[in-house]
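Peer 1: The structure's right below; bear with me while I get my questions together.
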Amino acid sequence: MSHQVKREYKPNFKIKRVRDVKYLQLIRLCPCIISKSTIDVEAAHVKYVDLGNYPTKYATGMASKPDDSWVLPLSKETHRTGPLAQHNADSEEEWWLDREIDPLALCEKLYNDGEYNLQDMLATIREHHKIWVPV
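Right, here's the structure in full:
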């Protein structure tokens, strides 16, 4: 006689993220959008969601990242290691709001306008630096 534990069927709705190694390499060549530093720049994934304005950006869980198109160049200190780093924030959305940056708009502009052209991406970041005034 065989025994079987009956389990509730749970389909896997996890969306596989789109990876783009070439784009991440280009992002790391750009200056940090906050400090303007070009040292130890990392591709920082923007996880928070604004479905009203960006319906194609889906929500991710704690241990998952969004598609590689939703990244911005941040210095290591601004991204992970500094006391005011993005990773140390209680709310990622508040972290960006405190810096008066719409990260989703900037991600979209960098990814769509850059077309894997570093010079176009740098021009977008230079334009961002002209508009943005540090708090």
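FYI, my numbering numbers position 132 of the sequence shown as 1086, with every residue one higher than the one before it. Glycine is no exception: its CB is placed at the ideal position from the N, C-alpha and C atoms.
#1: Compute the beta-carbon to beta-carbon distance between Pro985 and Pro1027, rounded to the nearest angstrom, for a pair I have assumed lies under 8 Å.
#2: My guess is that Ser939 and Val972 are in contact by the Cβ rule of under 8 Å, so how many angstroms apart are they, rounded?
#3: With a cut-off of 8 Å on the beta carbons, I'd call Tyr977 and Tyr1065 a contact; round off their distance for me.
#4: Is Ser980 buried or exposed, if buried means 16 or more other CB atoms sit within 10 Å of its CB?
#5: Have a look at Leu1072 and Leu983 and give me their C-alpha separation to the nearest angstrom.
#6: Thinking C-beta only, is Glu1054 closer than 9 Å to Ser991?
#7: Taking the alpha-carbon of Asp1081 as reference, which of Leu1060, Asn1042, Ser1045 has the nearest alpha-carbon?
#8: Who does Ser1029 pair with in a DSSP beta bridge?
#9: Round the Cβ separation of His1033 and Ala998 to the nearest angstrom and send it over; I've been treating them as touching at under 8 Å.
#10: Taking buried to mean at least 16 other C-beta atoms within 10 Å of its own C-beta, is Pro1020 buried or exposed?
#11: Could you check whether Val1000 and Ser1029 sit closer than 9 Å to each other, using their CB atoms as the reference points?
#12: Near Ile988, which residues of its chain fall below 7 Å by C-beta distance, leaving aside the five closest residues on each side in sequence?
Peer 2: Result, derived from the coordinates:
#1: Within the sequence shown, residue 985 is the residue found at index 31, counting from 1. Within the sequence shown, residue 1027 is the residue found at index 73, counting from 1. Yes, they are in contact, since the Cβ atoms of Pro985 and Pro1027 sit about 7 Å apart, within 8 Å.
#2: What is shown of the chain runs 955 to 1089, which leaves residue 939 out entirely.
#3: Residue 977 sits at position 23 when you count from the first residue of the sequence shown. Residue 1065 sits at position 111 when you count from the first residue of the sequence shown. Tyr977 to Tyr1065, Cβ: 7 Å. Contact.
#4: To locate residue 980, count along the sequence shown from 1; it is residue 26. A quick correction: the sequence has Leu, not Ser, at residue 980. Counting Cβ neighbours within 10 Å, Leu980 comes out buried, since at least 16 surround it.
#5: The residue given as residue 1072 occupies position 118 in the sequence shown. The residue given as residue 983 occupies position 29 in the sequence shown. One C-alpha to the other measures close to 8 Å.
#6: The residue you call residue 991 lines up with position 37 of the sequence shown. The residue you call residue 1054 lines up with position 100 of the sequence shown. Cβ atoms of Ser991 and Glu1054: not closer than 9 Å.
#7: Stepping through the sequence shown from its first residue, residue 1081 is reached at position 127. The amino acid at residue 1081 is misidentified as Asp; the sequence shows Glu. When only C-alpha atoms are compared, the closest one is Leu1060.
#8: Mapped onto the sequence shown, residue 1029 falls at position 75. Answer is Val995.
#9: Here residue 1033 is taken as the residue at index 79 of the sequence shown, counted from 1. Here residue 998 is taken as the residue at index 44 of the sequence shown, counted from 1. Rounded, the Cβ-Cβ distance is 5 Å, consistent with contact.
#10: What you label residue 1020 is simply residue 66 of the sequence shown in a count that begins at 1. When all chains shown are included, Pro1020 counts as buried.
#11: For the purposes of this step, residue 1029 is taken as the residue at position 75 of the sequence shown. For the purposes of this step, residue 1000 is taken as the residue at position 46 of the sequence shown. No; because the gap between Cβ atoms is not below 9 Å, this pair is not in contact.
#12: The count along the sequence shown starts at 1 and reaches residue 988 at position 34. So the qualifying residues of the chain are Leu1028, Thr1032, Arg1053.
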